[in-house]
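Since the structure comes first, as structure tokens, the remarks are kept for the end.
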Amino acid sequence: GENVEQHPSTLSVQEGDSAVIKCTYSDSASNYFPWYKQELGKGPQLIIDIRSNVGEKKDQRIAVTLNKTAKHFSLHITETQPEDSAVYFCAARPGSGGYQKVTFGIGTKLQVIP
Amino acid sequence: NAGVTQTPKFQVLKTGQSMTLQCAQDMNHNSMYWYRQDPGMGLRLIYYSASEGTTDKGEVPNGYNVSRLNKREFSLRLESAAPSQTSVYFCASSEGGMAEQFFGPGTRLTVL
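Here the protein sequences line up with chains U and H, keeping their order. Just remember that this note's numbering sits 20 ahead of the position in the first sequence, which is counted from 1. Just remember that this note's numbering sits 1 ahead of the position in the second sequence, which is counted from 1.
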């Protein structure tokens, strides 16, 4: 099955700096890579996603890049703000059969220091 | 719209007790999921239901059963709880297998 590795597990940045979270996946057939943000005491919420036919996607201060050859994808948050503090999960979904079987990384706890 | 709702929010069980976690969604989604979240392990899929009337095992199904009661509701049952099932349980739903998953607020379960 799919294996998703995520690092770092914790990340502290000063407000206004950038944060980068990296993930690798094992199944070359995976074709959809969502990123979720989980605030304390809440369920995860989708913040951005990317499909395997796209190399980069941006939405205001967040961007995701995908390198299919290396099986890497990354989340970039620029101009970080205290409300960005949360746990972020990357995930990968198979491209065929069992579309529902999304595999998540272990999560990155991001702390933005005011 | 309430989205995805879960009950209860917190539960403490003794080893061997049984209980059912309830989940309901009001978004008319076809697919529903149960995950558990443990420190250092991320979210792991327990069971999912691709559509009303179907259920399938995920990554960690042992010790659990599920019922897709109707299109709105998907319950998770622990027949004989064990301390290893202490976790936070999340229910999620999506329009289909290839669509965004929406998560509920979670149930924190402790098994003593």
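The beta-carbon is built from N, C-alpha and C at its ideal position, and this holds for glycine as well. Remember, it's a predicted structure, so these values are computed and weren't measured experimentally.
Exposed unless 16 or more other CB atoms sit within 10 angstroms - verdict on Ser50(U): Label assigned to Ser50(U): buried.
Same chain, Cβ closer than 8 Å to Gln58(U), five either side skipped, listed in chain order: The beta carbon of Gln58(U) sits closer than 8 Å to those of Pro64, Gln65, Ala106, Val107, Tyr108, Phe109 and Gly127, all from its chain and outside the five residues before and after it, given in chain order.
Inside the stretch 7-82 of chain H only - beta strand (DSSP E) runs reaching at least 3 residues: Every unbroken stretch of the beta strand (DSSP E) spanning 3 or more residues and falling wholly within the stretch 7-82 of chain H is given here in chain order: 11-14, 20-26, 32-39, 43-50, 66-69 and 75-79.
Closer than 8 Å to chain H by CB, Lys62(U): At least one CB atom of chain H sits nearer than 8 Å to the CB of Lys62(U).
Beta-carbon spacing of Thr21(H), Leu77(H) below 8 Å: Between Thr21(H) and Leu77(H), the gap from beta carbon to beta carbon is short of 8 Å.
Test: Ala25(H) CB closer than 8 Å to a CB of chain U: No, its Cβ sits nowhere closer than 8 Å to a Cβ of chain U.
Inter-stretch contact at 8 Å, needing at least 3 Cβ pairs: the stretch 87-105 of chain U / the stretch 37-51 of chain U: Contact holds between the stretch 87-105 of chain U and the stretch 37-51 of chain U, because three or more Cβ pairs, one in each stretch, are under 8 Å apart.
C-beta neighbour in chain H for Lys121(U), strict 8 Å: Interface annotation, Lys121(U): in contact with chain H, CB-CB separation under 8 Å.
Counted within 10 angstroms of its Cβ, other Cβ atoms place Met33(H) as buried (16 or more) or exposed: Buried, by the Cβ-count rule.
Strand pairing of Asn73(U), partner residues [DSSP]: Paired residue(s): none; Asn73(U) is not in a bridge.
Beta-carbon proximity of Gly97(H) to Asn31(H), cut-off 8 Å: Judged by their CB atoms, Gly97(H) and Asn31(H) are nearer to each other than the 8 Å cut-off.
Burial state of Thr123(U), where buried means 16 or more other Cβ atoms lie within 10 Å: So Thr123(U) counts as buried.
For Asp37(U), three-class secondary structure by DSSP: Three-state result, Asp37(U): coil.
Cut-off 6 Å between Cβ atoms - residues of its own chain near Ala112(U), not counting five sequence neighbours on either side: Within the same chain, Glu22, Val24, Tyr45, Ser50, Phe53 and Thr123 come within 6 Å of Ala112(U) by CB-CB distance, once the 5 residues on both sides are set aside.
Chain H contacts made by the stretch 49-73 of chain U, where a contact means CB separation under 9 Å: Along the stretch 49-73 of chain U, going in chain order, the ones with a CB nearer than 9 Å to a CB of chain H are Tyr52, Pro54, Tyr56, Gln58, Gly61, Lys62, Gly63, Pro64, Gln65, Leu66 and Asp69.
First and last residue of the uninterrupted beta strand (DSSP E) at Gly3(H): Sequence inspection shows Ala at residue 3(H); the Gly mentioned does not correspond to that position. It is not in any beta strand (DSSP E) - Ala3(H) carries neither H nor E in the DSSP assignment.
Proximity test, Cβ basis, 8 Å: Phe124(U) and chain H: Yes - at least one Cβ of chain H is within 8 Å of the one on Phe124(U).
Continuous beta strand (DSSP E) stretch holding Ala106(U): start and end: Its beta strand (DSSP E) spans residues Ala106 to Pro114.
Proximity test, Cβ basis, 8 Å: Phe12(U) and chain H: Given a span of 21 to 134 for chain U in the structure shown, any question on residue 12(U) remains unanswerable.
Whole-Å CB distance - Thr16(H) paired with Ala82(H), under 8 Å assumed: That belief holds up - the Cβ atoms of Thr16(H) and Ala82(H) are roughly 6 Å apart, short of 8 Å.
Three-way DSSP call (helix, strand, coil) for Ser85(H) in this model: Of the three classes helix, strand and coil, the one that applies to Ser85(H) here is helix, per DSSP.
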